[in-house]
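S.K.: Below you'll find the structure I mean.
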Amino acid sequence: MARGKLIVFEGLDRAGKTTQCQMLVEALQKDGQKVLFMRFPDRTTPIGQMINSYLSGESEQDDHVIHLLFSANRWEAVPKIRAAIQAGTTVVLDRYYYSGIVYSAAKQNPSLPLSWCRAPDVGLPRPDVVLFLHISPEAAAQRGGYGTERYEKKAMQDRVRELFEQVRAQSEGEDFVVVDAGGSVEDVGREIWGKTGEVVKRVDGEGGELRTVGEW
Numbered sequence: 001m002a003r004g005k006l007i008v009f010e011g012l013d014r015a016g017k018t019t020q021c022q023m024l025v026e027a028l029q030k031d032g033q034k035v036l037f038m039r040f041p042d043r044t045t046p047i048g049q050m051i052n053s054y055l056s057g058e059s060e061q062d063d064h065v066i067h068l069l070f071s072a073n074r075w076e077a078v079p080k081i082r083a084a085i086q087a088g089t090t091v092v093l094d095r096y097y098y099s100g101i102v103y104s105a106a107k108q109n110p111s112l113p114l115s116w117c118r119a120p121d122v123g124l125p126r127p128d129v130v131l132f133l134h135i136s137p138e139a140a141a142q143r144g145g146y147g148t149e150r151y152e153k154k155a156m157q158d159r160v161r162e163l164f165e166q167v168r169a170q171s172e173g174e175d176f177v178v179v180d181a182g183g184s185v186e187d188v189g190r191e192i193w194g195k196t197g198e199v200v201k202r203v204d205g206e207g208g209e210l211r212t213v214g215e216w
C-alpha cells in the first residue's frame with residue numbers, strides 16, 4: 001500500500017489558504033482518497049488553548065516561551081500525522097512550522113533569529129510539498145482588513161513576507177510550489193489540483209518513506 005502524502009498550505013493572511021485547503025480535501029475525498037485535515041495552531045489541545053489565549057490578547061508570554069509553545073503544538077500532533085500517512089491517508093495542513101518560524105522572527109527580537117526559531121522543529125515530518133499561496137499586498141488589501149489578533153497587522157505581514165523569501169532560499173525551497181492566489185477561487189483550485197497530482201505521482205514513483213526536517 002502506498003503511503004499517504006503530507007501536503008502543507010502556507011502563505012500570508014488573506015491569501016485564501018483555508019478555502020483552498022477545504023477545496024483540496026473535498027477533491028481528494030471525491031477522488032476516493034483518505035484525507036486527514038489539520039490546522040496549526042491546533043487550539044483544541046491544552047497547549048493550543050494557551051496559544052489561543054495569547055493570540056487573542058487575553059494573556060502575555062515571553063517571545064521565546066510562546067514560540068516554543070507553537071513548536072510543542074506541532075510536535076504533539078506528530079504521532080497522529082505519522083500514523084495517518086503510514087496507513088495510506090493523505091494529511092493536509094493549514095500552516096506548519098514555516099509560519100511558526102517566520103512569525104516569531106518577524107517580531108524583530110534580536111534573540112529570535114530564523115535559525116533559533118527553526119531549531120525546535122528539526123525532526124518534524126517534512127512535507128512532500130508546500131503549496132505557497134502568493135498574493136500581492138494590494139490584492140490582500142482588497143480582500144478586507146486584517147483581523148484583531150496579534151499577528152494580523154500590516155507591518156507584521158510585510159516582515160513575514162520578507163522572511164518567507166529567506167526561508168525559501170534555504171533547503172526548504174525545493175519543497176515549495178508557488179501558486180498565484182490572486183485569481184478566482186476556482187482557477188486557484190484547479191492549479192492546486194494539478195500540482196497535487198504531480199506530487200502524488202512523484203512520491204508514489206519514488207516509493208520512499210516520509211522525510212524529516214533536517215538542520216540548516
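Here the UniProt record's numbering is used: position 146 in the sequence shown is 146, and no number is missing along the way. Heads up, the beta-carbon is just placed ideally off N, CA and C, and yes, glycines get one too.
Whole angstroms are fine: how far does the CA of Met-23 sit from the CA of Lys-30?
M.R.: Rounded to whole angstroms, Lys-30 to Met-23 spans 11 Å at the Cα level.
S.K.: Tell me the DSSP secondary structure of Gly-11 in three-state form.
M.R.: If DSSP states are grouped into helix, strand and coil, Gly-11 belongs with the strands.
S.K.: Would you list the residues sitting across from Pro-125 in a DSSP beta bridge?
M.R.: Answer by DSSP bridge pairing, in chain order: Thr-212.
S.K.: With the cut-off set at 9 Å, would you say Phe-40 and Phe-70 are in Cβ contact?
M.R.: Yes.
S.K.: Given this structure, state the Cα-to-Cα distance separating Gln-142 from Gly-208, to the nearest angstrom.
M.R.: So the alpha carbons of these two residues sit roughly 42 Å apart.
S.K.: Considering only residues of the stretch 57-123, which uninterrupted beta strand (DSSP E) runs meet the minimum length of 3 residues and lie entirely inside it, listed in chain order?
M.R.: If we require 3 residues or more, the beta strand (DSSP E) runs fully inside the stretch 57-123 come out as 90-94.
S.K.: Check each candidate in Val-179, Gln-166 and Val-203 and name the one with the smallest Cα separation from Trp-216.
M.R.: Considering only alpha carbons, the answer is Gln-166.
S.K.: Quick one: is residue 219 buried, meaning 16 or more other Cβ sit within 10 Å of its Cβ, or exposed?
M.R.: Nothing can be reported for residue 219: it is not among the residues displayed for the chain, which extend from 1 to 216.
S.K.: Quick check: what's the CA-CA separation for residue 233 versus Val-199?
M.R.: The structure shown does not extend to residue 233, since the chain spans only 1 to 216, so no value can be given for it.
S.K.: Could you check what DSSP says for Met-38 in three-state terms: helix, strand or coil?
M.R.: Note: Met-38 maps to strand in three-state DSSP.
S.K.: Mapping the DSSP letters down to three states, classify Asp-180 as helix, strand or coil.
M.R.: DSSP places Asp-180 in strand when its eight states are reduced to three.
S.K.: Could you tell me the distance, in whole angstroms, from the CA atom of Pro-110 to the CA atom of Gln-61?
M.R.: Cα to Cα, Pro-110 sits roughly 17 Å from Gln-61.
S.K.: To the nearest angstrom, how far is the alpha carbon of Ala-15 from that of Gln-157?
M.R.: One C-alpha to the other measures close to 12 Å.
S.K.: Is it buried or exposed, Gly-100, if we count other Cβ atoms within 10 angstroms and call 16 or more buried?
M.R.: Under this definition Gly-100 is a buried residue.
S.K.: Which value, in whole angstroms, describes the spacing of the CA atoms of Gly-183 and Asp-175?
M.R.: The straight-line gap from Cα to Cα measures roughly 23 Å.
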